[in-house]
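To start, the structure under review is shown below, and the notes come after it.
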Amino acid sequence: MLDAKFLRDHVDLVRRGLARKKFSVNIDAVLAADEARRHAVAEFEVARSAQNAANKEMAAMPKGTPEFQAKVLAMKTASAQVKELEKKVAEAEEQWKVAALTLPNVPHDSVPEGRTEADNQVVLTWGDEATLVSSAAKPHWDIPWFSKAIDFERGVKVTGAGFPFYVGDMARLVRALIQYFLEEAGSAGYTEVHAPLLVNAASATATGQLPDKEGQMYHTPTDDFYLIPTAEVPVTNYFRDEIIDEAALPVKRCGYTPCFRREAGSWGAHVRGLNRLHQFDKVELVKWVHPDQSFAELELLRGDAERLLQKLNLPYRVLLICAGDIGFAHSKQYDLEVWAGGQKRWLEVSSCSNFTDFQARRAGIRFRPKDGKPEYVHTLNGSGLGLPRVLAAILENNLQPDGTVRIPEVLRRWYGKETLSL
RNA sequence: GGAGAGAUGGCAGAGUGGUCGAUUGCGCAGCAUUGGAAAUGCUGUGUACCGCAAGGUACCGAGGGUUCGAAUCCCUCUCUCUCCGCCA
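So that you can map any letter, position 55 of the first sequence is 54 in numbering that gives the first Met the number 0, and since no number is skipped, the others follow by simple counting.
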């Protein structure tokens with residue numbers, strides 16, 4: 000959500016930004032709603048002010064006198080009018096809010112022009128596939144023992160498509176990855192939180208999943224909760240409607256959670272195996288920072304995510320997402336893609352984003368400057384990392400000619416062995 | 001699930017229809033005092049919206065109602081606590 004005043008004062012800037020994002024939004028309708036809202040407020044407040052003055056007078060008058068009775072009578076109609084005006088204010092405010100929620104965040108100047116993912120810029124490529132990817136590489140679903148270690152069929156029976164079981168050493172490897180990601184995040188200064196997996200509608204609205212992405216979340220109708228599509232939702236909402244001490248900034252949190260995504264449609268070759276699931280595990284990194292620091296903090300966040308892949312010895316590249324492909328709430332976004340040597344494809348394993356004050360405004364997360372009024376913080380988040388595709392890259396890139404998979408050094412502390420086989 | 005109690009400012013805690021955005025205490029900030037500090041005293045200390053400003057309006061868990069007027073009365077909901085039951 001954009002600030003009403005900011006929009007009023009910087010219409011052209013917003014118009015330009017949204018054009019860059021290829022969003023066709025009716026800014027004039029939002030401006031008109033704002034105008035109507037302010038008009039209604041002014042009208043109501045004049046009437047209310049008069050009513051308050053009259054009531055103050057009546058409080059001092061002796062009750063029961065004819066004068067008092069006359070005043071009561073006169074104020075009856077005034078009171079009814081005030082109520083009418085108050086109703087109009089509520090309606091105008093609601094209409095403005097609905098309109099304002101349709102406005103996406105404005106992309107940062109450093110975000111390149113572009114329309115689709117084809118226009119994203121490759122910022123850097125790390126690692127050498129010639130040395131880092133085994134010659135035995137093949138798509139992970141073609142590894143002979145794959146369906147025993149990650150059992151999709153049993154998942155279909157128990158739940159449905161996209162809910163696999165991880166069995167034996169594979170389950171252990173999943174756990175090792177979670178441990179590794181959390182330990183690394185802890186060393187980088189992120190405080191670990193273990194968050195609720197179901198959230199209410201207010202939380203889902205604050206982080207931007209509602210209202211427009213409702214169909215992508217699982218919903219529990221009895222209690223009206225949503226299964227989280229990412230830890231970003233509960234972790235960011237931790238500070239919803241709060242004022243954080245300026246001295247505490249930047250606040251850095253990490254959290255491991257399963258994530259649930261309905262992801263209607265688009266099942267096919269690109270989404271086989273571990274490439275896309277309805278339930279998957281992820282460690283998320285979240286930061287609340289001073290507005291002056293948010294773009295510098297984005298670079299640090301990206302670095303934190305990159306280091307995880309480097310230590311796993313997985314080749315990857317970093318994309319700077321173009322204005323047309325960037326998310327609704329995002330001001331600037333980097334995607335990290337790991338090289339899956341068997342599929343010979345880049346798989347997105349992290350999306351690191353600066354939301355500037357867009358999300359903080361929806362969520363009401365502010366800080367108090369040394370001298371002055373509370374201001375909105377800037378929020379950032381990024382995966383650190385999503386498990387299944389990292390797992391896919393490990394299985395494919397590290398597959399040995401004998402059919403076993405070499406486990407990256409950094410995971411052995413928790414995995415306990417050097418290889419995975421069945 | 002049953003019964004009861006409660007929700008007020010950063011915290012504690014008054015207020016049961018009008019002059020209450022709200023007594024007081026603690027905390028916090030500034031000033032005085034001091035060689036410096038503690039103690040003490042004084043002053044100040046919420047947020048949002050409208051307005052160029054002066055100023056105005058709203059907010060006592062949320063939403064509705066009664067009334068000329070609601071923190072205060074009524075209804076609904078949410079949450080917290082205590083006891084009982086059930087349970088990982």
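Each residue gets a CB set at the ideal place from its N, CA and C atoms; glycine is no exception. In this text the structure is predicted, and so the values were computed from the model without any measurement.
The Cβ atoms of R388 and L335 do not sit closer than 8 angstroms to each other.
Close CB contacts of V234 within its chain, under the 7 angstroms cut and outside five residues either way in sequence, are with V192, A194, R252, G254, E283, V285 (chain order). Of the candidates T418, R7, R411, K343, R411 places its Cα closest to the Cα of A175. By the criterion of a C-beta distance shorter than 8 angstroms, I177 is surrounded in its chain by Y255, D280, V282, L386, once the five residues flanking it on both sides are discounted. Across the structure, E42 and G363 are spaced so that their CA atoms are roughly 27 angstroms apart. By alpha-carbon distance to G383, the top candidate from S23, L299, I149 is L299. Judged by DSSP secondary structure, S23 falls outside any beta strand (DSSP E); it is assigned neither H nor E.
Leaving aside the five residues that flank E417 on each side, the residues in its chain whose CB is nearer than 8 angstroms to its CB run, in chain order, R405, I406, R411. Per DSSP, F366 is one residue of the beta strand (DSSP E) stretching across 364–367. Residue M169 holds the alpha-carbon nearest to the alpha-carbon of Y414 among M169, F327, I243. Here the C-alpha atom of T115 lies approximately 14 angstroms from the C-alpha atom of Y333. Going by DSSP, D334 is part of the beta strand (DSSP E) stretching over 331–339. Closest in alpha carbon position to G154, among V24, L276, N54, is L276. Only residues of its own chain outside the window of five on either side were considered, and among them H139, L273, A339 have a CB closer than 6 angstroms to the CB of A391, listed in chain order. Sequence-distant Cβ neighbours of P373 in its own chain, meaning closer than 6 angstroms and more than five residues away, are I242, R365, R367.
In this chain, the beta strand (DSSP E) harbouring S349 covers 344–353. Inter-segment contact for the region 92–105 and the region 8–19 is present: three or more beta-carbon pairs are separated by less than 8 angstroms. By the Cβ test, the region 87–102 is in contact with the region 29–38, since at least three Cβ pairs between them sit closer than 8 angstroms.
With respect to V288, V232 sits apart: the two C-beta atoms are not nearer than 8 angstroms. Between the alpha carbons of F145 and F164 lies a gap of roughly 11 angstroms.
Counting the other CB atoms within 10 Å of its CB gives P400 a total below 16, which places it among the exposed residues. With a cutoff of 8 angstroms on beta-carbon distance, A203 and Y237 are scored as not near each other.
For F279, no alpha helix (DSSP H) segment is defined; the enclosing uninterrupted segment is the beta strand (DSSP E) at 278–288. Listed in chain order, the non-local C-beta contacts of P290 below 8 angstroms within the same chain comprise T355, D356, E374, Y375, V376, H377, local neighbours out to five positions each way being set aside. Excluding the 5 residues flanking it on each side, G188 has same chain C-beta neighbours closer than 7 angstroms at K251, in chain order. For L181, the enclosing alpha helix (DSSP H) covers residues 168–186. Here N380 is bridged, per DSSP, to V285, S352.
Around the beta-carbon of G341, 16 or more other beta-carbon atoms lie within 10 Å, marking it buried.
Annotated three-state conformation of R361 is helix, per DSSP. Secondary structure of W125 (DSSP, three-state): strand.
F180 has its alpha-carbon roughly 13 angstroms from the corresponding atom of T190. In its own chain, leaving out the 5 sequence neighbours on each side, no residue places its CB closer than 6 angstroms to the CB of N25. One thing to note: S349 has its Cβ no nearer than 8 angstroms to the Cβ of K331.
For the 8 angstroms CB-CB criterion, R361 and A205 form a contact. Excluding five sequence positions before and after A91, the CB atoms of its chain that fall closer than 6 angstroms to its own CB belong to A35, R36, A39, given in chain order.
Distance check between S133 and each of Q358, K343, G371 places K343 closest, using alpha-carbon atoms only.
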